[in-house]
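Have a look at the structure below, then the notes.
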Amino acid sequence: MVIVQVPVYLSEVVQAVVTQSGRAISGISGPAAQVEATKSILRLSNRPTQLDESEILFSLALPDLQIPQALASAKVQCRLPHPDELELLTEWCVAYNVEALGQIETTSSHPACRLVIEARQATATHWVLVAGDTLVSYSAFNASLPDIVQIGGVWTPPALRGKGYAKSVVAGSLLNARSQGIKRAILFTGDNNHAAQAVYRGIGFLPTGEKYGLVLFEETSKF
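Take 172 as the starting number for the sequence shown in our numbering and just add one per residue.
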């Protein structure tokens, strides 16, 4: 994965790094303009993609977190998953990758997602929302530093959407982070994903004005 943050000498840096690494290229991410330029530099502009979108960077200072009423009133609960729930979360991970990332489900999808879920379980970096006895939504931190976390992998099964569950699971995870001294959260969501944008604005996230690109190729490419 080529991750660019190169305000100057982009072409020289990208070509040098990719050549030295010798690795196949599965995707590109970074500031949107740099991602588009990198596709051209690497002669990948016409390469078929499973995802190619511009994303908005949202940010939230955790003291400004707005708690959904359902979570505040304990109508729903946000908690770490139990070990016997990991199989369901693996299935959700596969479904998320297909819907959000454009992946095609294969025989390797389930084992790969199981590894992701087990890693998050081992590091306590994912959460489920429970309504009654039913798991209804999921969120994770896909990156963290001592004072900031990045939200990723938010998933609600289609039949349960429109009930505010995504707001509550993200807010619940951030309440936990805030209690541990985390000061800020960020996330990315697609330019055209207005439903997700409404969810995140509803708990206090605001766009930073920065646009990022995310490209995932259908097949890895050698430079």
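All residues carry an ideal CB built from backbone N, CA and C; glycine is no exception.
Sub-7 Å separation of residue i and residue j beta-carbons
i, j, result
"E389", "Q274", "no"
"I227", "S200", "no"
"L385", "E270", "no"
"A241", "S339", "yes"
"S197", "M172", "yes"
"C264", "V301", "no"
"V370", "A337", "yes"
"L400", "V307", "Limits of the chain in this structure are 172 at one end and 394 at the other, which puts residue 400 out of reach."
Cβ distance (whole Å) where residue i is taken to contact residue j below 8 Å
i, j, result
"I322", "L236", "The Cβ separation is near 12 Å, so there is no contact."
"V320", "A356", "5 Å"
"T379", "S230", "5 Å"
"L260", "Y309", "6 Å"
"A311", "T296", "6 Å"
"A232", "K334", "Their Cβ separation, rounded to whole angstroms, is 27 Å, which puts A232 and K334 out of contact at 8 Å."
"F376", "L387", "Actually they do not touch by this definition, with Cβ atoms about 24 Å apart."
"K313", "G324", "First, the residue type needs correcting, since residue 313 is Asn and not Lys in the sequence shown. Indeed, because the Cβ distance is near 6 Å, the residues count as touching under 8 Å."
"L249", "S344", "The sequence given here places Cys at residue 249; Leu does not occur at that position. With a Cβ gap of about 6 Å, C249 and S344 count as contacting."
Residue i versus residue j - alpha carbon distance
i, j, result
"Q176", "K382", "13 Å"
"L346", "T294", "17 Å"
"P178", "V185", "12 Å"
"A208", "T327", "34 Å"
"P239", "A342", "7 Å"
"P329", "E256", "19 Å"
"Q205", "A367", "25 Å"
"N268", "H253", "22 Å"
"T305", "D318", "32 Å"
"R214", "D362", "25 Å"
"V424", "S244", "Since the first and last residues shown for the chain are 172 and 394, residue 424 lies out of range."
"T278", "P234", "43 Å"
"E183", "L251", "45 Å"
"A195", "G352", "39 Å"
Bridge partner(s) assigned by DSSP for residue i
i, result
"C399", "Since the displayed the chain opens at 172 and closes at 394, residue 399 lies outside it and no answer follows."
"Y309", "V299, W326"
"L387", "G198, L222"
"V173", "I199"
"L228", "F359"
"A314", "Q321"
"K382", "I227"
Continuous beta strand (DSSP E) stretch holding residue i: start and end
i, result
"G324", "319 to 326"
"R355", "355 to 361"
Limits of the unbroken alpha helix (DSSP H) element including residue i
i, result
"S350", "336 to 350"
"S182", "181 to 192"
"P282", "280 to 294"
"N268", "257 to 272"
"L242", "240 to 243"
"R332", "No alpha helix (DSSP H) holds R332; DSSP gives it neither H nor E."
"Q368", "365 to 372"
Proximity test, residue i beta-carbon vs the ligand FMN heavy atom, cut-off 6 Å
i, result
"G375", "As for the ligand FMN, it is missing from this structure, which has no ligand bound."
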